[in-house]
Each structure stands twice: as C-alpha cells, then as structure tokens.
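Taken in order, the sequence shown gives residues -7 to 552; the numbers are from this note's numbering.
Note that the Cβ used here is the ideal one computed from N, Cα and C, for glycine as well.
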Amino acid sequence: MSTNTTSTTMTNPELIPEKAGGNLTALSPPTTALTEVENISLNPLFQPDLLEHLAQTIIQELQRHDLGASRAKGLSPDRDDLVPSTPATSPAAVGERPTVPFAVPLATPSFYFIEELETKIPDLPAVVAKPGQLVQVPGIDPLFVPQASGRSVQRPSFFDVHTIRQDFPILQERVNGKPLIWFDNAATTQKPQAVIDRLVHFYSHENSNVHRAAHELAARSTDAYEAARETVRRFLNASSANEIIFVRGTTEGINLVAKSWGQQTLQAGDEIVLTHLEHHANIVPWQQLAAQTGAKLRVVPVDDHGQILLAEYQQLLNSRTKLVAFSHVSNALGTITPAKQIIDLAHRVGAKVLLDGAQSVSHIPIDVQQLGCDWFVFSGHKVFGPTGIGVLYGQEDLLNATVPWQSGGNMIVDVTFERTVYQAAPTRFEAGTGNIADAVGLGTALDYVQQIGLTTIANYEHELLEYATAGLATIPGLRLIGTAADKAAVLSFVLEGFDVEFIGQALNREGIAVRAGHHCAQPILRRFGLEATVRPSLAFYNTKAEVDALVAALERLQHE
Ligand SMILES: Cc1ncc(COP(=O)(O)O)c(C=O)c1O
C-alpha cells in the first residue's frame, strides 16, 4: 500500500490524509478502497477527479472503520477519548467533494421525521411522542456530537492561558490603540473560533428547519440540533435529553416557568422565596406572578459580605412556600450561594426550586441531579456560546405535568378545531421555529468548556480572583462590594471621589472593558447603600498581566 499515490495526485490539501495529519500506513482497514487507488494510479489513463472521488471513499472508509476523523486531522492523541466516534457519512454524500473541514463529518440522518405522526389522529393521550429521543441506527453513535469545525480545540496538559487565548479571535482586537482587555464576562463572554466555525458550518452545510421534512438537510439540522441537546444534557448531568428545553436565555427560561407552572400552580396566600442577591430577571417575573395569583414574595437577607443568611432563610420556609428561586452565583457581587443546602431545605417543606445558573455555568461544574433542583436555567452567551440561545432544564415528570406557555407549530401531536394534543417535553415548550443554529453553536461551546475542564477553570479563576482582589486592595479609597468567602470571579467596587461611569469611560480609553452601573440587580446594590458599581468580571482567558493593567489604570486615574 502506498500513501504517495494518493497524496501526489490530489489537488485539495484537505483531501490529503498525510497533510491532514493522518498516517495511512499505520491503519489497517479498509484495504479494498486503498487497493483500488493504487491500481488506478498505475494506469496511464487515470483521472485526477476519479482519484479524488476514490480518496473521498477512503476517507469515508476510514471513518466507517471508526478510525476517527480527529486522528486523521492530527488532533492531539490525548483528546481522542473526548472525541466521540465518527459516524459513517450518508450514501448520498459518497463521491461528493468535501467542502467542509476534514474533521467535520457530513451528517448522517439518524433522526427521523414526525410528519407521519401528525396524520395518526384521534384519541392520543396528552403525551405521546418523544421527539427528544435519538433513534439508534446500527453502526452510528446516536450521541455523536460533530466536532465544531475540524479546528482542534487544544487541551493543554496543564492550563496555559496563552494557548487558550489563541482560540478567541476577538482577544486580538485593539481598542483606543490598546490591546482589548475583556473584563465584562458577567455581561457576556467572548466566543472561541470553534463556536464561530460551527455556526458557519451549520449555515453552509446543514441549514434547514428541524424535525418536519423528508430531505437530507432537515435530517442534518435535526441531528445537529438534537446532538446539541444531548451535549447540554451531559454538561448538566441531566438524566434525559427530554429535560433540556432550548429557550432564548435565562430570562426566557424563568419567564417560561413563571408563566406556565407558576400560573397553573400558585394561588392566593402561597409564598415565593427569593434572595436579596437576585438579578431582575429572577425578581420581576415572580412579582408579576404574585400580582396575578395573590401569592406573596419573601426575600432572604444577606450579611455584609453578601452571603445568604441561612438561618433567616429557614425561618421563611413554611407549608405555604411553593417556590424558592435563587442565583447560584450573584452577578453583582460574585457570591456563590450554598445551592445544595438551599434546595434541600426548600424540598423539606415541599417547595419547588428554580436555580438561576446564568453566572455559574461558566465557572462551576454543574450536576443537576446532585443539586436536586427542579429547574435550572442558563444563557448560552455567558458560557462562550452564541447570544439568543439558552437552556431551561426541568425534571421530566414536572415538565410533562406543566401546560405549555407558548403554543403553535412544533409543540403539537395533533390539532383539530375542537382540541389539541401536545407533545411531551421538551418539544411542548419549543413552539415555532427555534434558534437552531445557535443551539448547535451552544453545544460546541459546552464541548469546548468541558475539554478544558470546569475544575481547571474554577482553579485558575480562583487564583486570578485572589490576585485581582489583592491588587485592588492597594488602591486607596477603593471599596470592594461583595466579599463572600465563596466567590466567583466578580469584583464590584466603588472608588471614593469618582463616579462609576467616569471610571468605566476612563478604563475604556485604556482598552479595558468593564461594566459600570446597577447590573440589573438594584435591590442588592441598595442593600449596600449604592445605586451602581464598577464591575470587572473575569474569565479563564484573562491574565494576571491584564489585572495589573487594570490596577495601574486605576492608580493613574487617581493621579491625573
Ligand atoms: C444571575 C443572572 N440571572 C439572569 C440573567 C439574565 O440573563 P439573560 O439576559 O442572558 O437572559 C443574568 C444576566 O446577567 C444574570 O447575571
């Protein structure tokens, strides 16, 4: 078997297994296809196009023999355990010139369509189909998640922030002639190239509406969408993909629960417990619900460090408590709340619990089964994914017992003018056409984060937080707001003699992006006697040098 025969005759470097990092001689199967290439290349009449076609067949053979596109691409061997086995490409794709990066498999439809179901009509029970379920096709891993773009997500054996930074093109930007320092991560995070590429790939090769069509692209997009759902399931350790509902973000997820379960369940006199730390997104929907149902809001106080007063919380709980809704991490102060304890105490009085994970997903490993929360919500854009996509996790029985909040196409099994039969979760909560591409991009973002590892991220960020806390402590007149013992990488502060907006603008002139304002958390800032703070918030791609630049800029401000 000669590898030269293939590599010398192919025009597209993507098609050259050696260039792609593969080592054909090390691979045993599939001999048939390789022999064919050898024979043809020895024939003086051979045609490069035909050879290219055969090379494509080889690639597909390699994939079918589960040799792993990632290995052919030359991804670091220590990643292989993280790259699921690659499915065979569809017969329709055989012979087509690949226009996608080598490691992106052409999707094989493994998920089929519900059109037929819609014609099987009467007397279906209220919950029938399980659209979130992936169909097992022999030889195809139903849990396969397409690797973002073929671009390797390097997983350093130790955490190397400089390598990580190369994955984020925007970090090369200059602002006001200075290198961008992105310290506004609590507002939104930057996106790795893998996520950007995944979106491009989706729109270039997979774009279609999902679930309802008998054509190849619908199957590709459905596979990609449902694979993303499975990725979210794994990320949260939910017990079923049916528990993962794609929404617009945390705000929409909370509204969904308030306007479906809340309106269905709450009555006058019932109580909803929130904490003083909440973002407006976890206050206003409950306030509206209370106004509509006659339920009452109860607020758990915090101490002067911004920590939940658990004893006070316990006193607020009683048989009227129907819901406890709270943040896992405070966006304004960085406090990490004792989520497991809060959840367990709520369950003892029979209350349901919604955990707002907007600020925790990118910093703390999440296990919804271990936490035991009834709902968990987060936004994709805060965990290195696209905007306009987020997730509501809910326990499956609870979701299926809850009336949908929006209705229309996609969420039904059957419609007559007399009545409608709803789908089971998750589809019953995904009325209309969802944000398919960004859901797929979110899946890639979560894969990216998991490849680095949330424990690694948490450790690095903790070190950075301690470094930044010490640095800010050297600035005379700087008051840090939020000094909980257990904190994520948020550093809210005010500086004596300076308006917060002025500080924000001054830092912007140095290329440093921070948030200056009330952070949509007015109640907690007022608890500390403030209307606004400056809020640098860190992520794993930030460095100590950037923290030094922030501290130096604040020092300069004081001497101007
Ligand atoms: C704790 C918390 N909850 C909810 C939200 C709302 O998130 P989104 O605007 O992505 O819906 C945020 C956003 O900053 C937040 O920090």
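State the start and end residues of the unbroken beta strand (DSSP E) segment that holds Ile381. Element bounds for Ile381: n/a, residue is neither H nor E.
Just tell me which of Ala437, Ala537 and Gln550 has its CA closest to the CA of His154. Ala537
Can you tell me the Cβ-Cβ gap for Thr329 and His320, rounded? I've got them flagged as a contact below 8 Å. 6 Å
DSSP bridge partner residues for Tyr414 (one or two, in chain order): Ile404
Take Val224 and list the residues in its own chain whose beta-carbon comes closer than 6 Å to its own, dropping the five residues that flank it on each side. Ile236 and Val383
Report yes or no: do three or more beta-carbon pairs, one from the region 208 to 215 and one from the region 455 to 463, lie closer than 8 Å? no
Option in Asp478, Arg548 and Arg166 with minimal Cα separation from Ala331: Asp478
Quick check: the region 405 to 412 against the region 381 to 397, are at least 3 beta-carbon pairs closer than 8 Å? no
Given Val492, which residues of its chain have a CB within under 8 Å of its CB, disregarding the five upstream and five downstream residues? Val486, Ala508, Gly509, Ala524, Thr525 and Val526
Take Thr394 and list the residues in its own chain whose beta-carbon comes closer than 6 Å to its own, dropping the five residues that flank it on each side. Ser252 and Trp253
Sorted by chain position, which residues of the same chain lie with C-beta nearer than 7 Å to Gln256's C-beta, five sequence neighbours on each side aside? Thr394 and Val395
For Asp189, is the classification buried or exposed, using 16 other Cβ atoms within 10 angstroms of its Cβ as the cut-off for buried? buried
Give the residues whose C-beta lies closer than 5 Å to at least one heavy atom of ligand 1, in chain order. Gly241, Thr242, Thr243, His271, Ala273, Ser319, Asn323, Asp348, Ala350, Gln351 and Ser371
Asp366 and Leu337 closer than 8 Å at C-beta: no
Does DSSP classify Phe368 as helix, strand or coil? strand
Going by the CB atoms, is the gap between Tyr217 and Ala431 shorter than 8 Å? yes
Of the residues Gly433, Gly342 and Leu542, the one placed nearest Gly463, counting alpha carbons only: Leu542
With distances taken from CA atoms, which of Lys183, Leu391 and Ile449 is nearest Pro161? Lys183
Beta-carbon separation (whole angstroms), Val571 vs Leu309, contact threshold 8 Å: Outside the displayed span of the chain (-7 to 552) sits residue 571, for which this structure offers no information.
Three or more C-beta pairs closer than 8 Å, one from the region 346 to 365 and one from the region 289 to 300: is that the case here? no
Range of the contiguous alpha helix (DSSP H) that encloses Gly509: That residue, Gly509, is in no alpha helix (DSSP H); its beta strand (DSSP E) goes Arg507 to Gly509.
Complete beta strand (DSSP E) runs within the region 251 to 312 (minimum length 3 residues, chain order): 263 to 267 and 288 to 292
Beta-carbon proximity check, Leu517 vs Val506, cutoff 8 Å: no
DSSP three-state assignment for Ala317, whether helix, strand or coil: strand
Going along the chain, which residues of its own chain have a beta-carbon closer than 7 Å to the beta-carbon of Asp359, five neighbours each way excluded? Asn229
In whole angstroms, give me the CA-to-CA distance for Leu325 and Pro515. 12 Å
Going by Cα to Cα distance, which pick from Ser322, Ser200 and Ile504 is closest to Val482? Ser322
Name the one or two DSSP bridge partners that Asp336 has. The partner list for Asp336 (beta bridge, DSSP) is empty, contrary to what the question assumes.
Start and end residues, beta strand (DSSP E) containing Lys536: Lys536 -> not in any beta strand (DSSP E); alpha helix (DSSP H) instead, spanning Lys536 to His551.
If you count every other CB in all the chains shown that lies within 10 Å of the CB of His193, and 16 or more means buried, which is it? buried
Quick one: Cα of Gln128 to Cα of Leu438, how far? Model confidence at Gln128 stands at a pLDDT of 28, short of 50, so the residue's coordinates are unreliable; what they give is reported in the following sentence. For Gln128 and Leu438, the distance between alpha carbons rounds to 24 Å.
For Asn177 and Leu530, which I take to be in contact (beta-carbon distance under 8 Å), what is that distance rounded to the nearest angstrom? 6 Å
Is it buried or exposed, Gln415, if we count other Cβ atoms within 10 angstroms and call 16 or more buried? buried
Cβ shell of Thr242 (< 7 Å), same chain only, five flanking positions each side left out: Ala273, Asp348, Ala350, Val369, Phe370, Ser371 and Gly382
Residue burial classification, Gly424 (beta-carbon count within 10 angstroms, cutoff 16): exposed
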